[in-house]
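Enquirer: Quick one: structure below, then a few questions.
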Amino acid sequence: MGQKIHPTGFRLSVTRNWGSRWYANSKTFPEMLNEDIQVRDYLKKKLAHASVGRVVIERPAKNARITVYSARPGVVIGKKGEDIENLKVDLQKIMGVQVHVNIEEIRKPETDAQLIADSIAQQLEKRIMFRRAMKRAMQNAMRLGAQGIKIMSSGRLNGAEIARREWYREGRVPLHTLRADIDYGTSEAKTTYGIIGIKVWVFKGETMARSEQLAIAPETASAEEPTKKLRKATARPAAKPEGEGETRPAAKPRTPRKPATKSAEARPEAAPAGEAAAPVKAPAKRVRKPAAPKAEGKE
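Read in full-length UniProt numbering, the sequence shown has 187 at position 187, and its numbers run on one by one without any break.
Structural data, given as structure tokens:
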């Protein structure tokens, strides 16, 4: 029976990057991995009200660089940077090396899968109906540009005796498409009836893989070069001085009109001035003679 694979792990090195970016040998790897887990757990508890989406840990030479993505960076930094300094001291104790902390703001927290899951978990802990919380989160995500979203909650929903799972989806969520930019987040709501798990998938559009981008880059560069066409220089006529009239082409000769074809009898001649016009005689009508009777045969 097929199960859902982790969307982020499925797309690593294609469209997604790792959350921990460092190299280690086989001896130091378990220790460094354990430090990363402790750092993430500490930041999750310490910055519970700062809407932290994800934490990226990098380890250059004998140093550590931690980037915190938060929807409320002001809460993380604190007044005059006091909170972030205390945060650095605690992280240096955990990791044992010098730590640099960077804060990045999440522009659209309504479309971040981890923040959506944490928000629904907080609402379930406050005894809000799970269907209302899920549908409200879906509406906000679609309104702010997400192309698709799917939310699943499982456990003793509404205090039911038998645990079940319910999910809602809006838009398109292609889980098999590697070039699809799918954000995935999980959270847990600790209620009086037990733990309710929340999973969120957010589809933000399709992106090209790195190999496709490298293959298309030289083609687009050559296509974008402007192709200029050389125009032949045509001699323009000199401008005429003011006051001189323009020479127009000679007009075509007019062809004489044909006289109207009417009988000469119908047109009376014009009488000289001072004399009365002679009355016009009507044309004589032709009278047909009756045909002679046919001669009867001799008796």
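For every residue, glycine included, the Cβ atom is placed at its ideal position computed from N, Cα and C.
1. Can you give the Cα-Cα distance for A264 and T255, rounded to whole angstroms?
2. G74: which of G145, W201, I103 sits nearest, CA to CA?
3. With a 10 Å radius around its C-beta and 16 neighbouring C-beta atoms as the bar for buried, classify A141 as buried or exposed.
4. Alpha carbon to alpha carbon, how far is A160 from D112? Give it in angstroms, no decimals.
5. Between which two residues does the beta strand (DSSP E) holding T186 run?
6. Is it buried or exposed, T15, if we count other Cβ atoms within 10 angstroms and call 16 or more buried?
7. Could you tell me whether the segment 92-103 touches the segment 113-121, where touching means 3 or more Cβ pairs closer than 8 Å?
8. How long is the line joining the alpha carbons of Q114 and R107, rounded to whole angstroms?
9. Rank R179, E188, Y193, G9 by C-alpha distance to the C-alpha of residue 300 and give the top, closest one.
10. Just checking, does the segment 153-171 make contact with the segment 78-92 on the three C-beta pairs under 8 Å criterion?
11. Could you pull out every residue in the same chain whose Cβ sits closer than 6 Å to the Cβ of G9, ignoring the five residues on either side in sequence?
12. I believe G171 touches G148 by the beta-carbon criterion, under 8 Å. Please report the beta-carbon distance rounded to the nearest angstrom.
13. For R65, write down the residues that DSSP places opposite it in a beta bridge.
14. Could you check how far apart the C-beta atoms of Y168 and M134 are, in whole angstroms? I think they sit under 8 Å.
15. If you follow the alpha helix (DSSP H) that S119 is in, where does it begin and where does it stop?
Expert: Put simply:
1. One-based indexing of the sequence shown puts residue 264 at position 264. One-based indexing of the sequence shown puts residue 255 at position 255. Only weak support is given to the placement of A264: the predicted model assigns it a pLDDT of 47, under 50, and the question is left unresolved by the model.
2. Residue numbering aside, residue 74 sits at position 74 when the sequence shown is read from its first letter. The shortest Cα separation from G74 among G145, W201, I103 belongs to I103.
3. The sequence position of residue 141 within the sequence shown is 141, counting from 1. With 16 or more other Cβ atoms within 10 Å, it is buried.
4. Residue numbering aside, residue 112 sits at position 112 when the sequence shown is read from its first letter. Residue numbering aside, residue 160 sits at position 160 when the sequence shown is read from its first letter. For D112 and A160, the distance between alpha carbons rounds to 30 Å.
5. Numbered from 1 along the sequence shown, position 186 holds the residue referred to as residue 186. Run containing T186: 180-191, per the beta strand (DSSP E) assignment.
6. To locate residue 15, count along the sequence shown from 1; it is residue 15. Buried: at least 16 other Cβ atoms inside 10 Å.
7. no
8. Residue 114 sits at position 114 when you count from the first residue of the sequence shown. Residue 107 sits at position 107 when you count from the first residue of the sequence shown. Each residue's alpha carbon lies about 14 Å from the other.
9. In the structure as shown, the chain begins at 1 and stops at 299. Residue 300 is therefore absent and cannot be evaluated.
10. no
11. Reading the sequence shown from its first residue, position 9 is the one you call residue 9. Once the five neighbours on either side are set aside, G9 has no close Cβ partner at all.
12. As a first step, residue 171 is located in the sequence shown; it is residue number 171 there, counting from the start. As a first step, residue 148 is located in the sequence shown; it is residue number 148 there, counting from the start. Right, their Cβ atoms sit about 3 Å apart.
13. Start at 1 with the first residue of the sequence shown, and residue 65 comes out as number 65. Paired residue(s): E58, H100.
14. Your numbering for residue 168 matches position 168 in the sequence shown. Your numbering for residue 134 matches position 134 in the sequence shown. Contact holds; Cβ gap of about 6 Å.
15. Counted from its first residue, the sequence shown places residue 119 at position 119. Residues 113-125.
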